[in-house]
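> First to last, the protein sequences are chains A and B.
FYI, in our numbering the residues of the first sequence are 18 to 262.
FYI, in our numbering the residues of the second sequence are 18 to 262.
2 protein chains.
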Amino acid sequence: MPRFFMAGANFAGGAALITGADADHIRVLRLQIGDSVILSDGEGTDYECRLTHLGKGAVEAEVLGSRRSPSEPSVSAVVLAGMPKGERSDYTVQKCTEAGASEICFFLSSRCVCRPAPETFPKKCERWQRIAEEAAKQSGRGIIPKVRILSDFGQALDLAAKQELGLFFYETGADRVGLSRALSGIHPATAAIITGPEGGFDPAEAELARRVGLTVCAMGPRILRCETAPVVALTALMLTTGNLD
Amino acid sequence: MPRFFMAGANFAGGAALITGADADHIRVLRLQIGDSVILSDGEGTDYECRLTHLGKGAVEAEVLGSRRSPSEPSVSAVVLAGMPKGERSDYTVQKCTEAGASEICFFLSSRCVCRPAPETFPKKCERWQRIAEEAAKQSGRGIIPKVRILSDFGQALDLAAKQELGLFFYETGADRVGLSRALSGIHPATAAIITGPEGGFDPAEAELARRVGLTVCAMGPRILRCETAPVVALTALMLTTGNLD
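1) Leaving aside the five residues before and after B/I121 along the sequence, list all residues of the same chain whose C-beta is less than 6 Å from its C-beta, in chain order.
2) Please report how far the alpha carbon of B/C66 lies from the alpha carbon of B/G72, in whole angstroms.
3) Please confirm whether A/E77 has its beta-carbon closer than 9 Å to some beta-carbon of chain B.
4) Taking a cut of 7 Å between CB atoms, which residues from the segment 50 to 73 of chain B lie near chain A?
5) For A/T252 versus A/H204, is the C-beta spacing smaller than 9 Å?
6) Could you work out which residues of chain A lie near B/K140, taking near to mean beta carbons separated by less than 9 Å?
7) Check whether the Cβ of A/L241 lies closer than 9 Å to any Cβ atom in chain B.
8) Could one say the Cβ of B/G259 lies closer than 9 Å to chain A's Cβ atoms, at least one of them?
9) Of the residues that make up the segment 81 to 99 of chain A, which ones have a beta carbon closer than 7 Å to any beta carbon in chain B?
10) At what residue ranges does the segment 154 to 182 of chain A contain a whole run of the beta strand (DSSP E), taking only runs of 3 or more?
11) Give the list of continuous beta strand (DSSP E) stretches no shorter than 3 residues that lie fully inside the segment 53 to 124 of chain B.
12) What whole-angstrom Cβ distance do A/R158 and A/S88 have, given they're in contact under 8 Å?
13) Under a Cβ-count criterion, where at least 16 other Cβ atoms within 10 Å of its own Cβ denotes burial, should A/V233 be classed as buried or exposed?
14) Across the segment 182 to 190 of chain A and the segment 215 to 231 of chain A, are there enough close Cβ pairs to call them in contact, namely three or more that are closer than 8 Å?
15) Look at the alpha carbon of A/R227 and the alpha carbon of B/M18, and state the distance between them as a whole number of angstroms.
16) Within 9 Å of any Cβ in chain B, is that where the Cβ of A/A221 sits?
17) Going straight from the alpha carbon of B/Q146 to that of B/L48, what length do you get?
18) How would you call B/D63, buried or exposed, if buried means at least 16 neighbouring beta carbons within 10 angstroms?
19) Can you list the residues of chain A that B/S197 reaches, using a CB-CB cut of under 8 Å?
20) Determine the direct distance from the alpha carbon of B/L225 to that of A/G213, and round the result to whole angstroms.
21) With a threshold of 16 other CB atoms inside 10 Å of the CB of A/E181, please say whether the residue is buried or exposed.
22) Does the beta carbon of B/T109 sit closer than 9 Å to a beta carbon anywhere in chain A?
23) Name the chain B residues whose beta carbon is nearer than 8 Å to that of A/K163?
24) Starting from the beta carbon of B/L249, find every residue of chain A whose beta carbon is closer than 8 Å, and list them in chain order.
25) Does the structure place the segment 195 to 203 of chain A close enough to the segment 128 to 142 of chain A that three or more beta carbon pairs sit under 8 Å?
26) Using DSSP with H/G/I as helix, E/B as strand and the rest coil, what is B/L225?
27) With a CB to CB cut of under 8 Å and the five nearest residues on each side skipped, what residues in its chain are close to A/S91?
28) Enumerate in chain order the residues of its own chain whose CB-to-CB distance from B/V194 is below 8 Å, with the five nearest sequence positions on each side excluded.
29) What three-state label does DSSP hand A/A246 in the structure shown?
30) Name the DSSP beta bridge partners of A/I264, please?
31) Please state whether DSSP places A/C234 in a helix, a strand or coil.
32) What three-state label does DSSP hand A/F138 in the structure shown?
33) Run through the DSSP bridge pairs and tell me what B/R128 is partnered with.
34) For B/L184, name the three-state secondary structure that DSSP assigns.
35) Per DSSP, what kind of secondary structure is A/G217 in: helix, strand or coil?
36) With a cut-off of 9 Å, does the C-beta of A/K102 fall near any C-beta of chain B?
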């Protein structure tokens, strides 16, 4: 059954109203009145609908039933990444959306090379949100992960500490926990993954992470680029929680 | 201790001779005669050396000892990917090198949109090999994964079937094995990961894969882009074999 991802569609009163590009898309696919489609609301609910009206720029459908989107992972995972340079942030947003993140936040920490002016934040977030929406559509997600910039590193720690599992990836130090051990035998409902910018974290930041109760983790002996690390960590979490089966 | 990745350095007779850009790099770092460095030969061996001569364009060192590179994973994993369009292949090479692939091969299968002319293969491979070398250096690998184009899909299957574990990722079908189950409790010395091009595989290709003994796998309900799937699969393999600790 064709599935359409349509944030902002109106599902009130047992009917769905689809307008704009989504409506055009349905027309292009030559769907007919009476055809069944699945409409995702972008917030985790899929609506099974039957098309009732195909107008120019507006399509209407009858809602037959709804369910939690089956493509959404069982763990709600927020990715917190040190602000990377240039296109790396786009990549982080796209790949983490595909890999199942519920939210993607960038933060500034002491070793960030990229320090955009706060007045550029809204435009950056808008761009990332578009990338997240596109990736969510392509990968069949049930939600569009929110993308935002946190005010500082402390806010990232606070947000991570609120999750059932909080993993802080640090590239040095003997007392780090191996990733497979950090994930072994647990099935958290909420999780956070914190990774650093190009230069990694400094020791004081790692110490702070430890103090707020995060698990300071290693990710193997190979050094991952700052845009690769969040995807690898998220994949590991999705695998061990049964969300890659 | 500073580590230099120098494919082609000469380690004959207990001495190492470093020339070209690598020699310049050592000079730029202001290392002195008597300083210890680790030189990787790009084929899995690390040499602990003491600098004995710092000349213009040539550096010499005494070899104190050698060992298998500790950053190399315990599993030798070949990534076989359906030829993707444009820059996606660059991405596959870079990320799979970081994630620990031993070799990266592209192949043409029935749904490949990108079908480069064979006369362009050498130039493409040269470019990918440069990307692999750069990524291997940055991530501290002990080898540079070889990158090549296979003659056809059959060759990809043959190569995969020769490995101890062969995973074929297929996007549809009820009889696929979940990725966590496919990897559960095994520690292969060699493995292959086959993923499709943009359009995926056709049913006959999946059937062939099954017939040569590959495990036909799912990778969760989200649809990964063709350049994301190999990295996710490789990460899962590295995690379950203890190579992300």
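Built from N, CA and C at the ideal position, the CB exists for glycine as well.
Taking the geometry as given:
1) V96, V110, C113, P162 and V164
2) 16 Å
3) no
4) none
5) no
6) Chain A residues near B/K140: none, gap ~24 Å exceeds 9 Å.
7) yes
8) yes
9) P87 and S88
10) 163 to 166
11) 53 to 57, 62 to 72, 75 to 85, 93 to 99 and 120 to 124
12) 6 Å
13) buried
14) yes
15) 27 Å
16) no
17) 29 Å
18) buried
19) L256, T257, G259, L261 and D262
20) 43 Å
21) exposed
22) no
23) Those do not exist, as A/K163 stays about 17 Å from chain B at its closest Cβ, beyond 8 Å.
24) According to the sequence as given, residue 249 of chain B is Val; it is not Leu. Simply A116, V248, T252 and L261.
25) no
26) helix
27) H204, A206, T258, G259 and N260
28) T232, V233, C234 and A235
29) helix
30) This structure cannot speak to residue 264 of chain A, because chain A is shown only from 18 to 262.
31) strand
32) helix
33) DSSP, once it has assigned bridges, lists no residue as partnering B/R128.
34) strand
35) coil
36) no
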